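See structure below.
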Amino acid sequence: LTRLRARLAQSQSTLGRGLLGLLSRERLDEDTWEEIEDTLLTADLGVTPTQELVERLRTRSRVEGLTDPGQARAVLREELITLVDPSLDRSLRTDRHVAENRPAVVLVVGVNGTGKTTTVGKLARVLVAEDRDVLLAAADTFRAAAADQLTTWGDRVGVPTVRGPEGGDPGSVAFEAVKAGIEQEVDTVLVDTAGRLQTKVGLMDELGKIKRVVEKHGPVDEVLLVLDATTGQNGMMQARVFGEVVDVTGVVLTKLDGTAKGGIVVAVQRELGVPVKLVGLGEGADDLAPFDPEEFVDGILG
Ligand code: GDP
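Here it is, written out as structure tokens:
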């Protein structure tokens, strides 16, 4: 977790420095409050959370005074943690269903290029490190390269990949993978899906079919939506569409190493009503971390 904080500090601390600099000004006049608001909006926090936070900070500056930099930092830390919401359940349901003798099934969804396949590989690595038996399903049958890329991750991490013919039915690959997972008594099946956002109806058909087919074996445990943190409003639009199409249970926010716009964590949680559970902090196999609100805010505050 300290590594998470260090990596976040690299990318997010310009945001924290900006806010702390503004808050510890001698006089918090209207212009300064506007600058604080702009800083938060620029960090993709979203309009409503920004207004709420500024309101809270205004009140606390009146009541408690924020001129002391230490005090300003403590207040900002507290308010940011509240905004990120530590009460949300961020645990991943990846445990085998022992009584029913079947693996946990995790669908990984999102638009192509957001880091879906990479996330599946990294997550497999985390689970393998915890001594779990994992199986990957290449249900993105539309791009040959996608299945190859997933298989490469599987080889790298030491887990098998189930794949079908190019252009084949994604649902049948997912079905066969879970079937193999049951037969081989694995703990977790991670399903990489196609992310063609052609039309909402097309997407709904595709993902809905995969889910229904997999559910013949038993309920899906997690539907993780992968969003690229660098894409701002575009990412929010994707969250909205996917949220309407599938029951997302958690968000993976990738490429947080490439942007200081960490406010998207709050914006996307509000949009979907589900927590950010994992964050991607680089392209390497070890660059995936469980999302921890306090570590995150401490990263922002540097
Ligand atoms: P997919 O099309 O959604 O499956 O996306 P990929 O997994 O192929 O990832 C697209 C690109 O994003 C690749 O070059 C990845 O290495 C890169 N990528 C994925 N996750 C991260 C991350 O957390 N940080 C950075 N910097 N790059 C990432």
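Per the working numbering, the sequence shown runs over residues 1279 to 1580.
Built from N, CA and C at the ideal position, the CB exists for glycine as well.
What you are looking at is a predicted structure, and each value in this text was computed from that prediction instead of being measured.
Limits of the unbroken alpha helix (DSSP H) element including residue i
i            : result
residue 1464 : Here residue 1464 belongs to no alpha helix (DSSP H), and DSSP marks it neither H nor E.
residue 1284 : 1280-1301
residue 1571 : 1571-1579
Residue i vs residue j beta-carbon contact at 8 Å
i            : j            : result
residue 1412 : residue 1456 : no
residue 1489 : residue 1366 : no
residue 1500 : residue 1532 : no
residue 1538 : residue 1321 : yes
residue 1404 : residue 1534 : no
residue 1470 : residue 1398 : yes
residue 1467 : residue 1459 : yes
residue 1327 : residue 1507 : no
residue 1297 : residue 1370 : no
residue 1418 : residue 1448 : yes
residue 1282 : residue 1570 : yes
residue 1290 : residue 1540 : yes
residue 1437 : residue 1415 : no
residue 1530 : residue 1550 : no
residue 1580 : residue 1348 : no
residue 1461 : residue 1440 : no
residue 1318 : residue 1339 : no
residue 1503 : residue 1387 : yes
residue 1542 : residue 1358 : no
residue 1332 : residue 1492 : no
residue 1518 : residue 1390 : no
residue 1286 : residue 1572 : no
residue 1435 : residue 1406 : yes
residue 1444 : residue 1422 : yes
CB contact check: residue i to chain D, cutoff 8 Å
i            : result
residue 1364 : Note that chain D does not occur in the displayed structure, where there is just one protein chain.
Range of the contiguous beta strand (DSSP E) that encloses residue i
i            : result
residue 1441 : 1439-1441
residue 1563 : Per DSSP, residue 1563 belongs to no beta strand (DSSP E) and is neither H nor E.
residue 1552 : Residue 1552 -> no beta strand (DSSP E), and no H or E assigned at all.
Residues that DSSP places opposite residue i in a beta bridge
i            : result
residue 1475 : Beta-bridge pairing links residue 1475 to no other residue.
residue 1380 : 1375
residue 1221 : With the chain running from 1279 to 1580 in the structure shown, residue 1221 is simply not present.
residue 1469 : 1385 and 1415
Worksheet item: Which parts of the region 1385-1436 are runs of the beta strand (DSSP E), unbroken and 3 residues or longer, counting only runs that do not cross its ends?
Response: Restricted to the region 1385-1436, the beta strand (DSSP E) segments that are unbroken, complete and at least 3 residues in length are 1412-1417, listed in chain order.
Discussion item. Could you tell me which whole beta strand (DSSP E) segments of length 3 or greater appear in the region 1477-1543?
Written reply: With a minimum length of 3 residues, the unbroken runs of beta strand (DSSP E) contained wholly in the region 1477-1543 fall at 1500-1506 and 1528-1532.
Item to complete: Scan the region 1302-1369 and note each continuous alpha helix (DSSP H) run of 4 residues or more that stays entirely inside, going in chain order.
Response: 1308-1320, 1325-1341 and 1347-1362, all fully within the region 1302-1369.
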